[in-house]
Amino acid sequence: LGPTITVSWTVVGIIQHLSGTINGSSVTPKAFNTSQTPSQTFYNVKNGERYLITVTAYSNGFTSTEFTDTIRTTSTQPNPPVINACNNQDLYENHMNLRWKEPQVPNGDISHYTIYMSSSATRTINTDSSTEVQRIDNLLPQRQYCFQMETINDAVSPQSNRSPKSYPPVCCSTRAGGNS
1179 LGPTITVSWT
1189 VVGIIQHLSG
1199 TINGSSVTPK
1209 AFNTSQTPSQ
1219 TFYNVKNGER
1229 YLITVTAYSN
1239 GFTSTEFTDT
1249 IRTTSTQPNP
1259 PVINACNNQD
1269 LYENHMNLRW
1279 KEPQVPNGDI
1289 SHYTIYMSSS
1299 ATRTINTDSS
1309 TEVQRIDNLL
1319 PQRQYCFQME
1329 TINDAVSPQS
1339 NRSPKSYPPV
1349 CCSTRAGGNS
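Okay, so the sequence shown: first residue is 1179 according to the numbering used here, each after it adds one.
Here you go:
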């Protein structure tokens, strides 16, 4: 079982029963009805996710206004992105495009990715969180470049907000240099 969320609230007046729902594909239960203590525990929540919870009270044939709130679980260390490809389609260009897929959830809110590029000199490139392709410029012809990446998210601790580097490194070569 994954982490849990327990929601409790104070009831004012006489309530016959309460009902509610929570979103999220893995969460159990999805809906509840209780006439007992005004609290509900939800199981199998994921770290770094937002859940929308709704609660309605019923008494003597009357229905309360639906109460809705969003609960955010704590972000944990993200997984690294998966590098799909690095390619240089043009025979004479000194750049290539690095493409990746965002990491598997749970990973919290991604703030950015860090690309580590090795050749004769190591270069580090920070991207934004919404892109899954980065153009790498100023490359030398007929050289091999290897790439690894990290995901940085909104986890509180600086030690836990950075994924391990993607492994193994993905390597690509630039083509012949010089324009004819």
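Idealized CB from N, CA, C, for every residue including glycine.
Query, Result
"Residue nearest to Gly1239 in terms of C-alpha spacing, selected from Gln1194, Glu1328, Pro1256, Thr1292", "Gln1194"
"Close beta carbons around Ile1303, own chain, < 6 Å, minus the five adjacent residues each side", "Ile1293"
"Per DSSP, cross-strand counterpart(s) of Ala1235", "Leu1196"
"Top-ranked residue by Cα proximity to Asn1211, from Thr1199, Gln1312, Val1334", "Thr1199"
"Whole runs of the beta strand (DSSP E) within the segment 1259-1291, excluding any shorter than 3 residues", "1260-1265, 1274-1279"
"Best match in Met1274, Asp1332, Thr1219 for proximity to Ile1288 [C-alpha to C-alpha]", "Asp1332"
"Sufficient close CB pairs (3 or more, under 8 Å) joining the segment 1325-1343 to the segment 1257-1265", "yes"
"Given Leu1230 as reference, the closest of Met1295, Thr1251, Ile1314 once Cα atoms are compared", "Thr1251"
"Exposed unless 16 or more other CB atoms sit within 10 angstroms - verdict on Leu1318", "exposed"
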